[in-house]
Amino acid sequence: MGTTKPLELPPQYAPADVEAGLYRRWLERGVFQPRADGEPYVIVIPPPNLTAVLHVGHGLNNIVQDVVIRFERMRGRAAEWLPGTDHAGIATQNVVEKQLAAEGKTRFDVGREAFVERVWAFVRETGDTIIEQLKIIGCSCDWSRTRFTLDPAYSRSVREAFVRLWEEQLIYRGHRVIHWCPHCLTALSDEEAESRETTGKLYYIRYAVAGGPAPFLTVATTRPETLLGDTAVAVSPKDKRHRAFVGKTARLPLTGIAVPIIADAAVDPEVGTGFVKVTPAHDPNDFEIGLRHKLAMPLIMTEDGRMGEDGKREGGSGKRVPAEIAGLDRFEARKKIVKLLEAQGLLEKVEPHQHAVRHCYRCDTVVEPRLSDQWFVKMKPLAERVMKGYKKKEFRIVPERWNATFVNWMEGIRDWNISRQLWWGHRIPVFTCTTCQHQWADRQDPATCPKCGGPVTQDPDVLDTWFSSWLWPFAPFGWPDQTPDLARFYPGHTLVTAPDILFFWVARMLMAGYHFMDQRRPFATVYLTGTVRDTQHRKMSKSLGNGIDPRDVVRLYGTDALRWTLIGGSSLGADVTVDPNDLETTFAPGRNFANKLWNIGRFILSQLPERVPAIHTIDRQQLTLADRWILARLNATARAATAALEQFRLDEAAKTCYDFVWKDLADWYVEAVKPRLGGGGAGVGAGVVPAVLTHAFDTALRLLHPVVPFITEELWQKLPGREGDELLATARWPAPDPRYDDAAAERGFALLQEAITASRSIRAEYQVPPKVKTLFFISAATPEARRTFEDEREVIVLMSGSASAVMEPPPPNVAGGHAVLTDGTAAFVKLEGFIDVSRECRRLTEDLDRLDRQLTALTARLANQNFVARAPADVVAKEREKEQTWRTQRGVLADKLKAL
RNA sequence: GGGCGAAUAGCUCAGCGGUUCAGAGCGCCUGCCUUACACGCAGGAAGUCGGGGGUUCGAAUCCCUCUUCGCCCACCA
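See the structure below:
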């Protein structure tokens, strides 16, 4: 035992005084690194973006992982929690570009090399902060293996993956309409272009028709500006109304360009006017139509979303984009064109229109569909392998409800656009010979063309950030090299993340894992956490300003309080609501619990003798009812907590332990045992209470450690009986000792609790002064029960024998409350000097009525053949038993009523 | 237009293979600074489990439907 004198411990736990020191100690002792022996248990952290410091939303995620990994570590697994950070291409580049903008510069002013250098500087800074934050909230990551997705070694993995896919012909160059962000100046994947319901306008525009059944036709569009890029008007082949138009020529307004009227099955005659303007370069559907009909595909916008001939700001013939419109922002152009159309009488009408508009997931700019050349990954073969594994249950998703979403996406998988027109990221390793046009992907930067020896150029683009993070389960361990780490830590076990990156990341990690790692899954369980929201149910985010910095919470309430709230506040996968404006309400319960633990510890330590016998040396004959009860409860708690953790029901595990500590241990056992601790320190059984107390508390600390690691470690260090300088972080997870299972003690003690609660209740109701003694009669009180409680501070005196016998004849001048216990024994509280018979009668009558109602229902149920036949046997038996009990109770109650 | 989730005490949420299920924390009320803890102790009030219908001996718990929120997916002009 340490030298700390328990009584000198302050009455309030001060997390700030101990947390940093404890964390350092864990680090120094290397407990976060996987032990050399033992079955591995691997979690890879979802590498945070380096764009901003973490908020409590990220905290939930990481704390969940920490609880799981600490639990497994204590169970003896070689626990590897791999930490790291993500370079987050667009996101990070955006932030730095914003910084530049504040200086009045763009990245083009700075130049590629200097720009990337600047991003590195930024990233190093936030990276450090984020790692620091993870440490502050107690994350037990294996920092010795920290990775960054742009580390040289990692980059090599990324390149290897790309080249392999290239060699397998799973990467191809696609010329098609993709989502383009005019602000970020890059292509986006389908997932990165988020659709949002928007109320826009539907414009009905007349196109003149030469030689048709009518002088003009009307198209409907939400984007009038794109008419400059129209190369056809399409109708449905099934559309009888418009059949006569097919083959004729329409003239685009403003420019007068002649375009054919064609029939295409993609057109739905029911929608709009039945005429569809076809803009192949700025609409994915129109692009498909364009391909089928071999239409021209002129770009009429520049990359930054301005109107421009051939996609350029200057030049061009000026035929497509009139001079007065060229150079205008697309939304300005829209207004202008609408005005022009109106002036020419070509705007038939404008209607409000609900539709989904895609936005850039990083900068929120309205995405522009744009024809361009990009690199794609063929996803079908990759997805199929994952689905095979899914069907064979090689991995699972919890909570299960996400399965449908997952399967739906996988089955409707579309090819993945992986090229980004950015500077921050992994440069695409595709090289082209400027002489012979040979194009290939290479693991090294080639000096010359391997075919003709000519000069080569590298593709200027970088890879989608997810193209690196999808390798996260194995690239950090050295892949493609067959390292010992890779052999040991792949496949992993559990992946914990937020559901919003299920497609971005989780699905693709599964694909990469199966594909690159010998058909083996990357992890067995995907645990999708809930989202942290504010009281208005808005997602916690920096941009909304409702983010809570975990460091603030830690400073005010301690890390354990933060963890307690986040873990205890959410059941599996459910959202957690926290109020950024009321941290006290949100986090005080956790702080209070930590303080409770602290004070239980303080009390126990102050009561322990010099030497505390180990629990297994205690003769079980010497255990009182209370001792046996708390030990039985301890077993039950350990079992429940373990089972809950195994099933990722972390909140349940936490609450189970909480109830044990606060309700069972502190409120009952410690109180019951106080008289035994007092002066009688010597003699037979003297060591029993210290031994039981120490054992129970020690076990509780172990069970709680994954959730509240700091306070538990701090207290555990002060407990006697540890081996050397052992740390709780690596201490053994408690295994229930079946010898202490004791149903009889649990029942017996429950009865006593009931009796005492009833007594207190009555005393409180009648406002009995503390000095007035309570006489408590329990017909079934055993000598053991009496021994347990006869010195109880409430001065309850337990008497064996029938209560009615004792009360008959009713002592004059004495009345009291009553209580009926579930085993049918009656308990009377005799309150000296207090009389209220009428009130007693009322209570008794009410109880009797209630009991009668219950009894009637129960009897009916038992008489019902359906019930007896259907319900499980033990349930029926229990109900029968209950009926007996209640009948006895009823009899006793009726007697009491008569007696009054 | 599809799919999913949520609606239970004033607040935040558990409970949802039907039979001690009407619960917890906070808040509130009444007593207590009882020598571990007022970040505490004891006692207490409080909900027709969103509305309606159905299945059943019995339903917060299963089915249908409606209402209100939230999320995801979808190329519909």
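Every position in the first sequence, counted from 1, becomes a number in our numbering once 1096 is added. We treat Cβ as the ideally placed atom computed from N, Cα and C, and that holds for glycine.
Using beta-carbon positions only, say whether W1568 and V1140 come within less than 8 Å of one another.
Yes; because the gap between Cβ atoms is below 8 Å, this pair is in contact.
Just to confirm my understanding: we take T1918, look at its own chain, exclude 5 residues before and 5 after, and list those with CB closer than 6 Å. What are they?
Per-residue confidence for T1918 stands at a pLDDT of 49, beneath the threshold of 50, marking its modelled position as unreliable; the derived number appears in the next sentence. Correct list: empty, nothing qualifies.
Identify the continuous alpha helix (DSSP H) that holds P1477 and give its terminal residues.
Run containing P1477: K1476 to K1487, per the alpha helix (DSSP H) assignment.
Can you find the residues in the same chain that come closer than 7 Å, C-beta to C-beta, to L1719, ignoring five residues on each side of it along the sequence?
V1784.
What would DSSP say about Y1653, mapped onto helix, strand or coil?
Looking at Y1653 - three-state DSSP - the assignment turns out to be helix.
Would the region 1189 to 1196 count as touching the region 1843 to 1859 if we require 3 or more Cβ pairs under 8 Å?
No, the region 1189 to 1196 is not in contact with the region 1843 to 1859.
Who pairs with W1512 in a beta bridge, going by DSSP?
According to DSSP, W1512 bridges with V1473.
Which complete beta strand (DSSP E) runs does the region 1181 to 1238 hold, if anything under 3 residues is left out?
Qualifying beta strand (DSSP E) stretches: none in this window.
Would you check if there are 3 or more beta carbon pairs closer than 8 Å linking the region 1422 to 1432 to the region 1305 to 1324?
Verdict: yes, contact present.
Just curious, the beta strand (DSSP E) that H1275 is in, first and last residue?
It spans I1267 to C1277 - the beta strand (DSSP E) in which H1275 sits, taken as one unbroken run.
Using a 10 Å radius around the Cβ and a threshold of 16 neighbouring Cβ atoms, would you call A1990 buried or exposed?
Counting Cβ neighbours within 10 Å, A1990 comes out exposed, since fewer than 16 surround it.
Leaving out five residues on either side along the sequence, give the residues of the same chain with a beta carbon under 7 Å from the beta carbon of D1887.
Caution is warranted here: a pLDDT of 46 is assigned to D1887, below 50, making its placement in the model unreliable, and no coordinate value can be reported.
Going by alpha carbons, who is nearest to L1118 out of G1234, L1746 and V1446?
Checked all of G1234, L1746 and V1446; the closest Cα to L1118 is G1234.
Taking Cβ to Cβ, would you say W1812 is nearer than 8 Å to L1789?
Not a contact, by the Cβ cut-off of 8 Å.
Would you report the Cα separation of A1116 and E1706, rounded to the nearest angstrom?
If I take the Cα positions, the gap works out to 30 Å.
Cα separation between L1518 and P1816?
Roughly 60 Å separates the two Cα atoms.
Among E1199, C1280 and R1131, whose alpha-carbon lies nearest the alpha-carbon of H1185?
Residue identity differs from the one stated: residue 1185 is Gly in this sequence, not His. For G1185, the nearest C-alpha among the options comes from C1280.
Does the beta-carbon distance from T1147 to F1244 come in below 8 Å?
No, they are not a contact pair.
Using C-beta distances below 8 Å, list every residue in its chain close to L1658, excluding the 5 sequence neighbours before and after it, in chain order.
Excluding residues within five positions, the ones whose Cβ falls inside 8 Å are V1152, G1155, I1159, I1233, P1646, V1649, V1650, F1683 and G1686.
Go ahead and label R1584 buried or exposed: buried means 16 or more other beta carbons lie within 10 angstroms of its beta carbon, across all protein chains shown.
Result: exposed.
Express the C-alpha separation of L1701 and E1890 in angstroms, rounding to a whole number.
Residue placement at E1890 cannot be trusted, given a pLDDT of 45 that sits under 50; what the coordinates show is reported in the next sentence. Spanning the two alpha carbons is a distance of roughly 25 Å.
Can you check whether the CB of T1314 is closer than 8 Å to the CB of F1258?
Result no, Cβ atoms of F1258 and T1314 do not sit closer than 8 Å.
Starting from Q1849 and walking both ways along the alpha helix (DSSP H), at which residues does that stretch end?
From DSSP, the alpha helix (DSSP H) with Q1849 extends over A1839 to E1861.
Please identify the residue among A1792, V1473, W1520 and G1664 whose C-alpha is closest to the C-alpha of D1557.
Out of A1792, V1473, W1520 and G1664, W1520 has the C-alpha closest to the C-alpha of D1557.
Give the range of the alpha helix (DSSP H) segment to which T1795 is assigned.
Looking at the DSSP string, the run of the alpha helix (DSSP H) that includes T1795 is V1784 to L1800.
Cβ of L1437 within 8 Å of Cβ of I1353?
It is not a contact, given that the beta carbons lie outside the stated cut-off.
What separation, rounded to the nearest whole angstrom, lies between the Cα atoms of A1782 and H1712?
Distance between the alpha carbons of A1782 and H1712 is about 15 Å.
Measuring straight from C-alpha to C-alpha, what distance separates F1930 and R1859?
Bear in mind that the predicted position of F1930 carries a pLDDT of just 36, short of 50, making it unreliable; the figure below should be weighed with that in mind. Looking at the two C-alpha atoms, the distance is approximately 11 Å.
Got a sec, what are the start and stop residues for the beta strand (DSSP E) Q1161 sits in?
Counting along the chain, Q1161 falls outside any beta strand (DSSP E), though it belongs to the alpha helix (DSSP H) covering V1152 to M1170.
Rounded to the nearest angstrom, what separates W1536 and F1527 at their Cα positions?
Roughly 5 Å between the two C-alpha positions.
Assign H1451 to one of two classes, buried (16 or more other C-beta atoms within 10 Å of its C-beta) or exposed (fewer than that).
Exposed: under 16 other Cβ atoms inside 10 Å.
Hey, I1226 and V1149 are a contact pair by Cβ (cut 8 Å); roughly how many whole angstroms apart?
Confirmed, about 6 Å.
Could you check how far apart the C-beta atoms of L1350 and P1418 are, in whole angstroms? I think they sit under 8 Å.
About 6 Å; that satisfies the 8 Å criterion.
What's the gap between the Cα of A1110 and the Cα of F1211?
Approximately 46 Å, taken between the alpha carbons.
So, helix, strand or coil for E1490, using DSSP?
DSSP places E1490 in coil when its eight states are reduced to three.
What three-state label does DSSP hand T1631 in the structure shown?
If DSSP states are grouped into helix, strand and coil, T1631 belongs with coil.
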